[in-house]
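Here is the structure we will look at.
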Amino acid sequence: MNKDVRVRFAPSPTGHLHIGNARTAILNWLFAKHTSGKFILRIEDTDPERSKEEYTEQIYSDLQWLGLAWDEGPDVGGDYGPYKQSERLDIYARYTMILLEKGLAYKCFCTPEELEIMRKEAIEKGLSANYDRRCLHLSPEEIATREAQGLQAAIRFKVPEKDVVMNDLVKKQISFPYDSIGDFVIMRKEGIPTYNYAAVVDDHLMEITHVIRGDDHVSNTPKQILLYEAFGFEIPEFAHIPMILGPDRLRLSKRHGATSIDEYQARGYLPEALINFLSLLSWSSESGAEILSKERLIQEFDFNRVTQSAAVFNHEKLNWMNGSYIRESRPEELIDPVIPFFIKAGYPVDDRDRVLKIIKAVQEKIDYLEQIIDHAKIFFQDSITIEDAEARALVRKETSQKVFWSFLRELRAIDHIDMDTFRLIMKTVQKETGVMGKDLWMPIRIGLTGRIHGPELPMIVELLGKQTCQKFIEEIVNRFS
RNA sequence: GUCCCCAUCGUCUAGUGGUAAGGACUCAGGAUUUUCAAUCCUGCAACGGGGGUUCGACUCCCCCUGGGGACGCCA
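Everything in the first sequence is counted per this note's numbering, starting at 4 for the first residue and increasing by one.
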């Protein structure tokens, strides 16, 4: 019956994996998983100017970090390789010959300068900025002369005079008048294919069933459809997903801050949260739920529920969602992800149990892992400095002094402290001093951390340990009395 | 300039001819709490404009406006 689904993510290695591309990859992956199909990675490195091997590696690792495993690709192989376009040049050349022989494509000797003038003139006249076909009617002799002069030709596709209709899984039916499509170059004079051409040849040869990509490609699609028809290839399904915009409703770009996946990784966003969030840009669950596991996304994903309109990337919501994932994580799972941030901050990491306790103490306060550095600072101080004026005033209060002395007396009487003994001690302090509530707890908090806000005190005390607690309180007593 | 697409709270969205236009983020207020946070509750906030069609339009059609994309020997 239906062919097995095969989809591809086809980035060009010209930079880091961008948020928009990542979203495209995610939807491809979700659809493949949803249909038990294959997810294929193809590297479109046909631009020698901009493509770089290091970016290919970067794309691999970004995709891996997101947890999007591919079934076929340059590194893992597959039956439809090679999966890098730069290694398929002979294939494209072969198919170009077919078009040339059938008279469906022709050589073009126009220079970039000529083309630029042509374009300007067309726009001035109010016409569409298409190629005027001046090389279409070159006689064999004229072609021979130019080639004898050493001129190299690009190959242009001769666009047939018929309107093109496409049926898109998300955009539904769109038609393009034939005269809005100009004869486009399929092979550059260096013998390297252009995007529209290579994509068609590859998608056909790789038996891609669904082309899922950003909707900035819709106007490319009629060209590609024409190519499929010229070759007699079966046309795949198309699904053009809406763009992701910045807050100014312009296409998301570097100007908008962090736009590549590795930047989010570096700040301690969780891949699951990113996938969840990006999936919800222009797609929604029928249930209305927003926090959706990968499994659930896979199960529910459907093009019928993809929106038609572009979506603004909302940082605040991402932060909320990521924070939600952090809060829902088991603290143990967070140890490894958090360690790089500890190392970066110069905090010791050899005692994993201590790291775990710190995570438990601050887990609910952070939206992304990088923020743990600031919250955990209080656990690695040698001495306490009180910056805040309100805190200084509080510490000086008479009740605070009483609390300190009482607390210190209790502390000196024991040799080890944990959350429970701390609570017990505080009860005693309360009884002895008659101080309670904020006046009781706040001096201790400030004395131990220097700050007015922070994690729950019992956790702080246990993490600091008896010696450090005693030292800090002794210091503050000396300083302020 | 030409072609294509889009249009519900500030943002992400639900909606599919008859709804008090629902949810989420943000924001405000409250509850809880030894602080902050988290959590829970409450609240503010939207169908771009104009014509049709219809007994009835957020929903269908047209125009306008606004936005986006494409028109590369980039992808």
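C-beta atoms are modelled at their ideal positions from N, C-alpha and C, and glycine is treated no differently.
**OP:** Grab the span of the beta strand (DSSP E) containing R216 for me, first residue to last.
**Re:** 213-217
**OP:** For the region 195-206 and the region 329-344, state whether three or more C-beta atom pairs, one from each stretch, are separated by less than 8 Å.
**Re:** no
Original post:
Within 10 angstroms of its Cβ, does Y134 collect 16 or more other Cβ (buried), or is it exposed?
Top reply: buried
Subject >> Counted within 10 angstroms of its Cβ, other Cβ atoms place A25 as buried (16 or more) or exposed >> reply: buried
**OP:** Can you have a look at H419 and say buried or exposed, based on whether 16 or more other CB atoms are within 10 angstroms of its CB?
**Re:** exposed
Original post:
Who pairs with I244 in a beta bridge, going by DSSP?
Top reply: G217
**OP:** Could you work out which residue in T310, D265, R45, L118 is closest to L208 when comparing CA atoms only?
**Re:** R45
Original post:
Can you list, in chain order, the residues of its chain whose CB lies under 7 Å from that of V365, leaving out five sequence neighbours each side?
Top reply: I375, H378, A379, P458
Original post:
Contact between the region 343-350 and the region 303-322: three or more CB pairs below 8 Å?
Top reply: no
Subject >> Minimum length 3: unbroken beta strand (DSSP E) runs contained in the region 226-295 >> reply: 240-244
Original post:
Grouping DSSP H, G and I as helix and E and B as strand, with all else coil, what is F381?
Top reply: The identity of residue 381 in the sequence shown is Ile, whereas the question assumes Phe. In the structure shown, I381 sits in a helix (DSSP, three-state: H, G or I).
Subject >> Contained alpha helix (DSSP H) runs [length at least 4] in the region 414-448, N- to C-terminal order >> reply: 422-436
Original post:
Any idea what DSSP makes of G23, helix, strand or coil?
Top reply: helix
**OP:** Could you say if the region 262-269 and the region 226-245 meet the contact criterion of at least three C-beta pairs nearer than 8 Å?
**Re:** no
**OP:** State the start and end residues of the unbroken alpha helix (DSSP H) segment that holds M324.
**Re:** 318-331
Subject >> CA-to-CA distance, F306 to A35, given in whole angstroms >> reply: 12 Å
**OP:** Within the same chain, show all residues whose beta-carbon is closer than 7 Å to that of C472, passing over the 5 residues directly before and after it, in chain order.
**Re:** L414, I420, L451, V464
**OP:** Might you give, ordered along the chain, the residues of its own chain that have their beta carbon closer than 7 Å to the beta carbon of N223, omitting 5 neighbours on each side?
**Re:** N199
Subject >> Residues near P163 in its chain [Cβ-Cβ closer than 6 Å; skip 5 each side] >> reply: none
Original post:
Which partner residues does C111 have in the DSSP bridge list?
Top reply: A157
Subject >> Closest by C-alpha distance to H479, when choosing among R395, E367, K161, P343 >> reply: Correcting the residue type first, residue 479 is Ile in the shown sequence and not His. Measuring from the Cα of I479, the nearest candidate turns out to be R395.
Original post:
In chain order, what residues of the same chain lie with their CB nearer than 6 Å to the CB of D491, ignoring the 5 residues before and after it?
Top reply: As displayed, the chain neither begins before 4 nor continues past 484, which places residue 491 out of reach and without an answer.
Original post:
Does the region 103-121 touch the region 210-221, meaning 3 or more C-beta pairs lie closer than 8 Å?
Top reply: no
Subject >> Span of the beta strand (DSSP E) around Q176 >> reply: 175-179
Subject >> Minimum C-alpha distance to H19 - residue among A156, I264, R448, L30 >> reply: I264
Subject >> Residues bridged to A314 (per DSSP) >> reply: I247
Original post:
Quick one: what's got a C-beta closer than 6 Å to K363's C-beta in the same chain, skipping five residues either side?
Top reply: P334
**OP:** Quick one: grab the DSSP three-state call for D171.
**Re:** strand
**OP:** Figure out for me which residue from A261, P143, S256, Q384 has the closest Cα to the Cα of I449.
**Re:** Q384
Original post:
Hey, how far is the Cα of L102 from the Cα of A233?
Top reply: 8 Å
Original post:
For R70, does the three-state DSSP call read helix, strand or coil?
Top reply: Just to set this straight, residue 70 is Gly in the shown sequence, not Arg. Reduced to three states, the DSSP call for G70 is coil.
**OP:** Can you grab the Cα-Cα spacing for the pair K87 / D206, in whole Å?
**Re:** 13 Å
Original post:
Does the region 355-362 come close enough to the region 398-406 to have 3 or more Cβ pairs within less than 8 Å?
Top reply: no
**OP:** Just grab the DSSP bridge partners of M190 for me.
**Re:** I158, P196
**OP:** Quick one: residues in its chain with C-beta nearer than 8 Å to the C-beta of V203, no 5 flanking neighbours on either side, listed in chain order?
**Re:** Q227, L230, Y231, F234, F236
Subject >> Other residues of its chain near L397: CB distance less than 7 Å, five sequence neighbours each side excluded >> reply: S403, M445, P446, I449
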